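Residue numbers (my numbering): 1 to 283.
Report on the structure given below.
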Amino acid sequence: MSGMSFGVEVGEMVRANRANWDARTPVHVASEFYAVGRRDPRSWFAPFEWSDLGELAGRELAHLQCHIGAETIAFARQGARVTGLDFSAAAVVEARRIAAGEGSKIEYVEADVHDAVAHLGAGRFDVVYTGKGALCYLPDLPRWAATVVELLKPGGFVYIAEFHPLLNALGPKPGPGEGPELLLRHDYLEGRGAIERDATYTYTDGPALTSATVSYEWMHSLGEVVTTLVRAGLRIDSLTESELLPWPRWARMTRTGSGWWALPDGDPRVPLLYGLKASKPTA
Ligand SMILES: C[S@@+](CC[C@H](N)C(=O)[O-])C[C@H]1O[C@@H](n2cnc3c(N)ncnc32)[C@H](O)[C@@H]1O
1 MSGMSFGVEV GEMVRANRAN WDARTPVHVA SEFYAVGRRD PRSWFAPFEW
51 SDLGELAGRE LAHLQCHIGA ETIAFARQGA RVTGLDFSAA AVVEARRIAA
101 GEGSKIEYVE ADVHDAVAHL GAGRFDVVYT GKGALCYLPD LPRWAATVVE
151 LLKPGGFVYI AEFHPLLNAL GPKPGPGEGP ELLLRHDYLE GRGAIERDAT
201 YTYTDGPALT SATVSYEWMH SLGEVVTTLV RAGLRIDSLT ESELLPWPRW
251 ARMTRTGSGW WALPDGDPRV PLLYGLKASK PTA
């Protein structure tokens with residue numbers, strides 16, 4: 001694995017993240033949250049994602065930072081030729097087992113996302129998909145964007161469906177003794193370097209982690225993401241900010257017709273997730 005070509009300090013953080021994801025994986029596989037084999041993989045997608053993604057049948061699609069393949073399987077069911085990539089060996093083993101168990105033909109590759117071109121091939125993909133807890137593990141967005149551009153065929157596009165930086169600024173869930181109010185608790189903007197988290201429990205239900213509890217995240221504002229993609233040579237096709245989440249972040253959120261969750265009508269309407277589509281020019 002790499003991350004090696006970052007400085008020593010960032011390389012150590014990336015290594016800590018990989019160990020943390022290896023430790024989380026068995027908890028996630030056994031969790032009600034992921035409900036492996038019981039939850040419809042399409043339910044991991046916001047309704048607008050499918051119209052943004054368009055027809056996927058026959059398309060060559062890479063899912064970067066795919067974890068145990070909860071979303072990856074949905075792409076295979078749409079008829080795409082799918083490759084999932086993740087640096088967690090444990091996650092890749094489970095993703096392969098889960099896909100095989102349900103007869104989905106998906107190639108899963110264990111690699112750091114920054115080494116994706118060496119592992120997957122340049123100019124190979126019509127669609128590169130990533131998100132829902134992926135960009136926050138990237139210390140150097142321009143470097144990641146250059147990788148994405150290289151993976152894409154001319155005319156191909158990247159689709160990022162990511163938790164909104166505003167949601168991250170509001171905090172992933174209320175702390176002990178905290179109320180449900182929408183309060184800014186963390187930075188919205190990038191620029192303060194890595195945020196160290198030491199969490200015994202992961203975001204799913206299930207037992208405590210017994211090792212590798214420390215992980216590192218980097219904030220990426222919407223402005224940083226858009227500008228980085230444009231500077232890497234991509235054209236922005238659409239940027240959808242949405243009030244929907246795949247799970248109820250606050251207890252008073254209500255389930256919408258799509259199965260996703262939103263704050264009640266009396267609350268301010270704020271973006272909690274975004275979908276960003278950006279294309280690689282043909283010439
Ligand atoms: C929250 S998951 C995102 C996948 C999916 N949305 C989900 O929730 O299952 C984050 C994934 O990013 C992976 N990851 C983090 N940093 C990575 C890196 N540098 N290279 C490859 N994978 C990485 C982790 O191993 C983890 O599986």
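Ideal Cβ positions, reconstructed from N, Cα and C, are used throughout, including at glycine.
All of these numbers come straight from a predicted model, not from anything done at the bench.
Thinking just about the alpha-carbon of each residue, which of 80, 73 and 79 is nearest to the one in residue 95? As a position in the sequence shown, residue 95 is number 95, starting the count at 1. For residue 95, the nearest C-alpha among the options comes from 73.
Would you say residue 138 touches ligand 2, meaning its beta carbon is less than 8 angstroms from a heavy atom? Among the ligands modelled here, namely ligand 1, ligand 2 does not occur.
What separation, rounded to the nearest whole angstrom, lies between the Cα atoms of residue 191 and residue 276? The residue labelled residue 191 in the question sits at position 191 within the sequence shown. The residue labelled residue 276 in the question sits at position 276 within the sequence shown. Roughly 22 angstroms between the two C-alpha positions.
Would you check if the distance between the CB atom of residue 82 and the CB atom of residue 110 is smaller than 9 angstroms? Translated into the one-based positions of the sequence shown, residue 82 becomes position 82. Translated into the one-based positions of the sequence shown, residue 110 becomes position 110. With a cutoff of 9 angstroms on beta-carbon distance, residue 82 and residue 110 are scored as not near each other.
Whole angstroms are fine: how far does the CA of residue 231 sit from the CA of residue 187? What you label residue 187 is simply residue 187 of the sequence shown in a count that begins at 1. What you label residue 231 is simply residue 231 of the sequence shown in a count that begins at 1. It is roughly 24 angstroms from the alpha-carbon of residue 187 to the alpha-carbon of residue 231.
Using C-beta distances below 7 angstroms, list every residue in its chain close to residue 4, excluding the 5 sequence neighbours before and after it, in chain order. Here the question's residue 4 lines up with position 4 in the sequence shown. Residue placement at residue 4 is flagged as unreliable, the pLDDT there being 47, under the threshold of 50; a coordinate-derived value is accordingly withheld.
Buried or exposed: where does residue 49 fall if 16 or more other Cβ atoms within 10 Å of its Cβ makes it buried? Here residue 49 corresponds to residue number 49 of the sequence shown, with the count starting at 1. Counting Cβ neighbours within 10 Å, residue 49 comes out buried, since at least 16 surround it.
Quick check on residue 101: does DSSP put it in helix, strand or coil? Locating residue 101 in the sequence shown gives position 101, counting from the first residue. Here residue 101 carries a helix assignment [DSSP, helix/strand/coil].
Pull up the distance between the alpha-carbon of residue 1 and that of residue 112, whole angstroms please. One-based indexing of the sequence shown puts residue 1 at position 1. One-based indexing of the sequence shown puts residue 112 at position 112. Only weak support is given to the placement of residue 1: the predicted model assigns it a pLDDT of 42, under 50, and the question is left unresolved by the model.
Whole runs of the alpha helix (DSSP H) within the segment 153-237, excluding any shorter than 4 residues: 165-170 and 222-231
Exposed unless 16 or more other CB atoms sit within 10 angstroms - verdict on residue 51: Along the sequence shown, one-based indexing puts residue 51 at 51. Counting other Cβ atoms within 10 Å of its Cβ, residue 51 stays below 16 and is therefore classed as exposed.
Residue range of the unbroken beta strand (DSSP E) whose run includes residue 43: As a first step, residue 43 is located in the sequence shown; it is residue number 43 there, counting from the start. Per DSSP, residue 43 belongs to no beta strand (DSSP E) and is neither H nor E.
For ligand 1, any of its heavy atoms closer than 8 angstroms to the Cβ of residue 168? For this step, residue 168 is matched to residue 168 along the sequence shown. Residue 168 has its Cβ no nearer than 8 angstroms to any heavy atom of ligand 1.
Assuming residue 106 is part of the alpha helix (DSSP H), what are its boundary residues? Start at 1 with the first residue of the sequence shown, and residue 106 comes out as number 106. It is not in any alpha helix (DSSP H) - residue 106 instead sits in the beta strand (DSSP E) that spans 106-110.
For residue 100 and residue 170, what's the separation of their Cα atoms in angstroms? As a working mapping, residue 100 is identified with position 100 in the sequence shown. As a working mapping, residue 170 is identified with position 170 in the sequence shown. If I take the Cα positions, the gap works out to 38 angstroms.
For residue 120 and residue 85, I'd like the C-alpha separation in whole angstroms. As a first step, residue 120 is located in the sequence shown; it is residue number 120 there, counting from the start. As a first step, residue 85 is located in the sequence shown; it is residue number 85 there, counting from the start. A straight-line Cα-Cα distance of about 9 angstroms links residue 120 and residue 85.
Does the structure place the segment 212-232 close enough to the segment 127-140 that three or more beta carbon pairs sit under 8 angstroms? The segment 127-140, when compared against the segment 212-232, does touch it at the 8 angstroms Cβ threshold.
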